[in-house]
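Participant:
Residue numbers (this note's numbering): 1478 to 1887.
This is how it looks when you write it as structure tokens:
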């Protein structure tokens, strides 16, 4: 028990160190990515949680052409990059879809962001910006900094749009200032809206979306402003849809997306099931099966070798083996030296045995024939049957000469 406590303490210290490193890295986020799924400082996940806790239903959609109802309020956060000289806007698909939603009577809240989130955060955290409700005169303190390419201003004819590149107000739209910076007589607009189409869709834009991020949503009156803007847009029974396609490019609807969320769940379950099956089949379950093999003996090996010689018709090999075996038997029984020549050996043998040994010695020598192409062909004097008969005769004569010998030529 005493040894367990220090280990547990070390584990807690390690967790604290890892958490501190992650927090440090999170605070140093440089580029803005206002995604509802992001827990980083520039993300909007805290805003989504705030809406859920206040009884407002939310969902996140990544499609270029999301399926929206007229009662849906779309929060479209995007990173403002300024005017494009060449090429088509990568947000053209989602922009066209949101315009159709506005024409059908839907509502859209646009939150622009500058790409350099770190620099904007340093400026916004130093002091808050007072904004005033254009109707009631209510004052809120929010964290915000003016963006380089978006600037809404009040003129005698209403509100003048800035240099926005995504879902900007049209010149023929009638704009209204919802919130002004500093005071009600200010020409700087913090939030403006316009009625779009015959069904009175509402497009609401803020001059900057920094106040709604994870880093600033809990500071000053940022959460109060976010709730007031969204509650003013959402009709009875509506929900808030976070459009992820306006951030880093959306995805085309697949068959699973068209079928609905239940198909996505089934697809995920089938994928997990496939991975589980692959892993389970890759590992042995239980004890391995013991394979018991029958060990072959010497007799089987001899039979196999003899079968090979028989099929190859190796007459010379059989005669050579028989001659060498007979020579060893004679020298061993007569106690003759190994260096003794075959002529001197035959002097100690009966004439029939010596004659048979000579025949076997002569018949075991191959006949070499060279054809016209220079290829050699080997043949023997005897057929396999004749060679076997000759070996048997030699064996019979040796058994008569050495009756007590247990060695046999086989």
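All C-beta atoms in this analysis are idealised placements derived from N, C-alpha and C, irrespective of residue type, glycine included.
#1: As a quick exercise: from 1810, 1858, 1826, pick the residue whose alpha carbon is nearest that of residue 1839.
#2: Name the DSSP bridge partner or partners of residue 1854?
#3: Figure out for me which residue from 1546, 1519, 1608, 1553 has the closest Cα to the Cα of residue 1593.
#4: Name, in chain order, the residues that DSSP records as bridge partners for residue 1678.
#5: Helix, strand or coil: which one does DSSP assign to residue 1895?
#6: Within 10 angstroms of its Cβ, does residue 1525 collect 16 or more other Cβ (buried), or is it exposed?
#7: From this set, 1668, 1607, 1674, 1496, which residue's C-alpha is nearest residue 1647's C-alpha?
#8: Cα separation between residue 1808 and residue 1815?
#9: My understanding is that residue 1556 touches residue 1718, with C-beta atoms under 8 Å, so please give their C-beta distance in whole angstroms.
#10: What is the DSSP secondary structure of residue 1612, counted as helix, strand or coil?
#11: In chain order, what residues of the same chain have a beta carbon less than 8 Å from the beta carbon of residue 1694, not counting five sequence neighbours either side?
#12: Between residue 1533 and residue 1723, is the Cβ-Cβ spacing less than 8 Å?
#13: Would you grab the beta carbon distance between residue 1833 and residue 1863 for me? Rounded to a whole angstrom, and I think it's under 8 Å.
#14: Between residue 1794 and the rest of its own chain, which residues show a CB-CB distance below 8 Å, the 5 nearest in sequence each way excluded?
#15: Considering only the beta carbon of each residue, do residue 1837 and residue 1796 sit closer than 8 Å?
#16: Looking only at C-alpha atoms, which of 1547, 1490, 1542 sits nearest to residue 1568?
#17: For residue 1877, is the classification buried or exposed, using 16 other Cβ atoms within 10 angstroms of its Cβ as the cut-off for buried?
#18: Mind checking which residues open and close the beta strand (DSSP E) that includes residue 1789?
#19: For residue 1882, which three-state DSSP category applies?
#20: Are the CB atoms of residue 1657 and residue 1685 within a distance shorter than 8 Å?
#21: Taking all protein chains shown into account, decide if residue 1725 is buried (16 or more other Cβ within 10 angstroms of its Cβ) or exposed.
#22: Out of 1603, 1773, 1849, 1714, which one is the CA nearest neighbour of residue 1546?
#23: For residue 1644 versus residue 1681, is the C-beta distance shorter than 8 Å?
#24: With DSSP as the reference, label residue 1798 as helix, strand or coil.
#25: Assign residue 1818 to one of two classes, buried (16 or more other C-beta atoms within 10 Å of its C-beta) or exposed (fewer than that).
#26: Can at least three beta-carbon pairs, one atom from the segment 1740 to 1752 and one from the segment 1577 to 1595, be found at a separation below 8 Å?
#27: Pull up the distance between the alpha-carbon of residue 1865 and that of residue 1791, whole angstroms please.
#28: Quick one: residues in its chain with C-beta nearer than 6 Å to the C-beta of residue 1616, no 5 flanking neighbours on either side, listed in chain order?
#29: From this set, 1676, 1497, 1537, which residue's C-alpha is nearest residue 1514's C-alpha?
#30: Go ahead and label residue 1599 buried or exposed: buried means 16 or more other beta carbons lie within 10 angstroms of its beta carbon, across all protein chains shown.
#31: If we ignore side chains and look at the alpha-carbon of each, how far apart do residue 1497 and residue 1690 end up?
#32: Would a C-beta distance cut-off of 8 Å place residue 1582 and residue 1549 closer than the cut-off?
#33: Is the distance from the Cβ of residue 1875 to the Cβ of residue 1820 below 8 Å?
#34: What residue range does the beta strand (DSSP E) around residue 1536 cover?
#35: Beta-carbon separation of residue 1720 and residue 1553 under 8 Å?
Facilitator: Judging by the given coordinates:
#1: 1858
#2: 1846
#3: 1519
#4: 1673
#5: The structure shown does not extend to residue 1895, since the chain is modelled only from 1478 through 1887, so no value can be given for it.
#6: buried
#7: 1674
#8: 7 Å
#9: In fact, because the Cβ distance is near 19 Å, the residues do not count as touching under 8 Å.
#10: coil
#11: 1523, 1524, 1527, 1688, 1700, 1703
#12: no
#13: Going by Cβ atoms, the distance from residue 1833 to residue 1863 rounds to 13 Å, so no, they are not a contact pair.
#14: 1786
#15: yes
#16: 1542
#17: exposed
#18: It is not in any beta strand (DSSP E) - residue 1789 instead sits in the alpha helix (DSSP H) that spans 1775 to 1789.
#19: Unreliable positioning characterises residue 1882 in this predicted model, as indicated by a pLDDT of 47, which lies under 50. A coordinate reading is not provided.
#20: no
#21: exposed
#22: 1714
#23: no
#24: helix
#25: exposed
#26: no
#27: 12 Å
#28: 1607, 1609
#29: 1537
#30: exposed
#31: 21 Å
#32: no
#33: no
#34: 1535 to 1538
#35: yes
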